[in-house]
Amino acid sequence: MPPHQRGSLMKLPVTGSAFQGVTVHVLPAGIGSARCQIFQRQIVQNGGQTESSLCPTVTHVVVDDSMDCDRALRLLKVDRLPSAVYLLKCTWLSTCISEQRLLDTADYSLLNPDKDMETTKDGVKEDVLDSIPLPATQDMKQPIFDETKPDESTETVQDTKDDFKDEYGVSQSDLEALISGLHPKDETPSTATAHSDPQQKPLSGKWVCAQSSQSKVDNHNKHITDKLEVLAKAYTHQGDRWRALGYSKAVNALKSYHRPITSYEGFCTLEDICTKANLNHNQIIGLKHYDDFLDRMPREEAAAIEKTVKEAAQFLDPGLLAMACGSYRQGKDTCGDVDVLISHPDGKSRRGVFSKVLQSLHQSGFLADDLVSHEESGEQKKYMGVCRLPGPGRLHRRLDIIMAPYGELACSLMYFTGLAQFNRSMRALAKTKHISLSEHSLNSDMLRQGCLKVYGGTPLPRLAEKDVFTHLGIPFREPQERDW
């Protein structure tokens, strides 16, 4: 660690005692320097010490979750660690920080005596389990190409690969099935002996590479498989190989099906839904105003809706701010719905006002139907419903009213203005900088373990909308430039 960084760590205020008496060396390989620095700050702030290299004062060595013991020791340039030093996955450190306490190391240790390598009398390392002789009567699996030495790993791989299942219930064999074209259920047990001639044994199963491409059946469900292939590619690009695998398997199954897939039962028209379906409250309202909702409102009508909500709010408190977001703030000529954001600069006068604003709008007849009358997200409150301006020929329109603390106004404005793709891009960019961005706040020093957020970070003080862009290192974009 450079001297100036060590000095800055020493100056950090100690706010906890979770790592009291602990000295940690975080091995950067696989973790990354930025994440290492966040770990080091959290350790020091919670009463611990950090070292940039392995030294006698170190009590815990933390490495990337994907690293094994042998590689860690090679990178540390030692044959073995002192008996009092723990070698742990970084999940241990992340969880300690998240729970603000020192956890037991047993579940995170890489120094498991039942799994580590031991030295034989010849000085050659071998697996402890492999050194135990098997009963002579045990039926041993043999690969069809055989001539394999007993100490090679083919048997172990074959025995264990099908035992592995991830949280989605997908095995390693499923992955191999996509490559080979043979699903595990099509395989037949091999009865070949060590002297079998593989060229004389016909291939069993439905291996794609063993079939003529001219024998492919027509895809009767192309309209479905095209959409599923898009999803499979999207998850592949995101690194979510298991969901990608699930969609790919569905695509293969649908492509090979001998006839089009159609619904067994369902509704063909809106009248069927009205007369036969068991609808909930919101679905009934959606059908009731279906034609009105399909007709996008002109910009002038959206402005009149914003004005109506603003007047109702400022009648209760002239200091309240009310502004329309979404496509109206983007400068669009037409809008599908209206989102009105309400706040107060003093940070407190908004309290108790939300229900009074809704009551006033109901009494005036402006609010026609309620979808979600009161939804809370942190300190934000949200109403979702249907409104209609007074006058003949007016249509019913979707309206959302959000009451937000003034400290969250900048992030809320950006969230409710930008379209989904713009917001996703901003959050993804923030994640690369170890920042958490939401409609509530912009938090620094966030910690993630894979896709799981283990530490939400520290909210940055009151921001203007431009400050969010500045913190992310990109130029400010006016609302009309966020139509992604």
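So the working numbering is basically just the index in the sequence shown, starting at one, shifted up by 18.
No residue lacks a Cβ here, since even glycine has one placed at the ideal position from N, Cα and C.
Source: prediction; values computed, not measured.
Query, Result
"Given a cut-off of 7 Å, decide if S35 and G66 are closer than it, judged by their beta-carbon atoms.", "no"
"Is V404 a contact residue of the ligand SAM, with contact defined as CB to any heavy atom under 6 Å?", "Ligands in the displayed structure: none, and consequently the ligand SAM is not present."
"Grouping DSSP H, G and I as helix and E and B as strand, with all else coil, what is M85?", "coil"
"Just to confirm the assignment: which complete alpha helix (DSSP H) runs, minimum length 4, are found wholly within the stretch 387 to 463?", "427 to 435 and 438 to 450"
"Would you call F333 buried or exposed, if buried means 16 or more other Cβ atoms sit within 10 Å of its Cβ?", "exposed"
"What distance in whole Å lies between the Cβ atoms of P497 and R347, which are believed to be in contact at a cut-off of 8 Å?", "5 Å"
"So what does S127 bridge to, in DSSP terms?", "L106"
"Rounded to whole angstroms, what's the CA-CA distance from L121 to L427? Just pull it up for me.", "38 Å"
"Tell me whether Y520 is buried or exposed, calling it buried when 16 or more other Cβ atoms sit within 10 Å of its Cβ.", "Lying outside 19 to 502, the shown extent of the chain, residue 520 is not represented and no answer is given."
"Compare the C-alpha of R480 against each of G491, D364 and F384 and name the closest.", "D364"
"Go to V472, then tell me how far its beta strand (DSSP E) extends in each direction, as first and last residue.", "L470 to Y473"
"By Cβ distance below 6 Å, which residues in the same chain neighbour D418 in space, the five residues on each side in sequence not counted?", "D357 and M402"
"Since I believe T41 is in contact with V76 (beta carbons under 8 Å), could you give me their beta-carbon distance rounded to a whole number of angstroms?", "5 Å"
"As a quick exercise: from V404, K107, K449 and E457, pick the residue whose alpha carbon is nearest that of G491.", "K449"
"Would you say T68 and Q58 are within 7 Å of each other, going by their C-beta atoms?", "yes"
"Report the CB separation of L338 from I323 in whole angstroms; it is logged as a contact under 8 Å.", "Going by Cβ atoms, the distance from L338 to I323 rounds to 17 Å, so no, they are not a contact pair."
"Between the Cα of D501 and those of L470, N441 and R445, spot the shortest distance and give me the residue it belongs to.", "N441"
"Grab the span of the beta strand (DSSP E) containing V358 for me, first residue to last.", "V356 to S361"
"If distances are taken between C-alpha atoms only, which option among H452, V371, H458 and L478 comes closest to R466?", "H452"
"Going by alpha carbons, who is nearest to I49 out of K107, S71, I61 and L91?", "K107"
"When the Cα of V390 is compared with those of G383, C292, M341 and V404, which residue comes out closest?", "V404"
"How should P423 be labelled, buried or exposed, when 16 other C-beta atoms within 10 angstroms of its C-beta is the threshold for buried?", "buried"
"CA-CA distance, T113 and K374?", "43 Å"
"Do you know how far the Cα of A268 is from the Cα of K240?", "12 Å"
"For the beta strand (DSSP E) that contains A268, what are its first and last residues?", "Segment R259 to S274 is the alpha helix (DSSP H) holding A268; no beta strand (DSSP E) there."
"Would you please state the rounded distance, in angstroms, between the beta carbons of E483 and M432? I believe it to be under 8 Å.", "6 Å"
"Which residue's Cα is closest to the Cα of S459: T476, K471, L305 and A52?", "T476"
"Which residues in the same chain as A250 place their Cβ atom closer than 7 Å to its Cβ, once the five residues preceding and following it in sequence are excluded?", "A262, Y265, S266 and V269"
"At 4 residues or longer, what runs of the alpha helix (DSSP H) sit wholly inside the stretch 40 to 94?", "51 to 63 and 87 to 94"
"Return the CA-CA distance between S101 and K471, expressed in angstroms with no decimal places.", "33 Å"
"Could you spell out where the alpha helix (DSSP H) holding A342 opens and where it closes?", "Looking at the DSSP string, A342 is not in any alpha helix (DSSP H); the run it does join, the beta strand (DSSP E), is L339 to A342."
"Hey, quick one: how far does the beta strand (DSSP E) through R317 stretch, first residue to last?", "Not the beta strand (DSSP E): R317 falls in the alpha helix (DSSP H), residues R317 to L334."
"Quick check on A467: does DSSP put it in helix, strand or coil?", "The residue you asked about is not Ala; residue 467 is Gln in the sequence shown. If DSSP states are grouped into helix, strand and coil, Q467 belongs with the strands."
"Going by DSSP, what residue range makes up the alpha helix (DSSP H) through G288?", "Rather than Gly, the amino acid found at residue 288 in this sequence is Leu. Residues L288 to K294."
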